[in-house]
Amino acid sequence: MATRNIIERGDETLGKVCREVTRFDPRLHQLLDDMRETLAQANGYGLAAPQVGILRRVCLVTGSDGEVIELVNPEIIETAGEQEGFEGCLSVPGLYGWVKRPQRVKVRAQDRNGKVFEAEDVDMSARCFCHEIEHLDGHLFTERVRDGKLYTEAELDAMEEAERESGRKKGRKGE
Ligand code: NI
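If you read the sequence shown in my numbering, its first letter stands for residue 52, the second for the next number, and so on.
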């Protein structure tokens, strides 16, 4: 395993539509292993292949149980409810935006051997499914943020300080 470089916003790779995976071979397994290591090292919540420069429909999402789910050729097949909160991205370091997402998301995908499975999750993991799958279509969360506004860590810290008084809490790991 090895870590791979995470591409940042501004690189045209992140705007491209990724191709479907058709070969579930050692090369795909290597990519997934490397992405896992890259995600762990970056202390992120999710990671999509285009973020490491590979234009294939592959991503990782951390489930509510803390396990990293490998998704190949994923698609969202069901959503329910709504959540709002700050979202970040490993390709947009240090900046966060307010994004609305479904509260619950169900996906269908293939595992590293091509076997089809379904996964369903809520909260941060539901948010992450949406975020990562959008990466595969060349979209970043920055396109969806409320008022087009991105906040720095310092701005978020100040807001969180104020929110602590009202007892609200937000996650803000990169995806
Ligand atoms: Ni991202």
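Think of the CB as a built atom: it goes at the ideal place given N, C-alpha and C, for glycine as much as any other residue.
Note that the coordinates shown come from a computational prediction; the quantities given were computed from them, not determined experimentally.
Beta-bridge pairing of residue i - partner residues as DSSP gives them
| i | result |
| --- | --- |
| Leu98 | Leu111 |
| Ala170 | Val158 |
| Ala131 | Arg155 |
| Ile120 | Val112 |
| Arg195 | In the DSSP output, where bridge partners are listed per residue, Arg195 has none listed. |
| Leu146 | Thr203 |
C-beta contact flag for residue i and residue j at 7 Å
| i | j | result |
| --- | --- | --- |
| Gly189 | Val72 | no |
| Gly97 | Glu226 | yes |
| Asp85 | Ala53 | yes |
| Glu138 | Val119 | no |
| Ile128 | Lys157 | yes |
| Val143 | Arg60 | yes |
| Leu141 | Gly95 | yes |
| Gly114 | Ser176 | yes |
Integer-rounded CB distance, given that residue j should sit under 8 Å from residue i
| i | j | result |
| --- | --- | --- |
| Ala99 | Cys110 | 4 Å |
| Cys181 | Arg159 | Cys181 to Arg159, Cβ: 14 Å. No contact. |
Host alpha helix (DSSP H) of residue i (start-end)
| i | result |
| --- | --- |
| Arg215 | Glu204 to Ser217 |
| Leu90 | Pro77 to Ala93 |
Lining residues of the ligand NI - beta-carbon closer than 5 Å to any non-hydrogen atom, in sequence order:
Cys140 and Glu226
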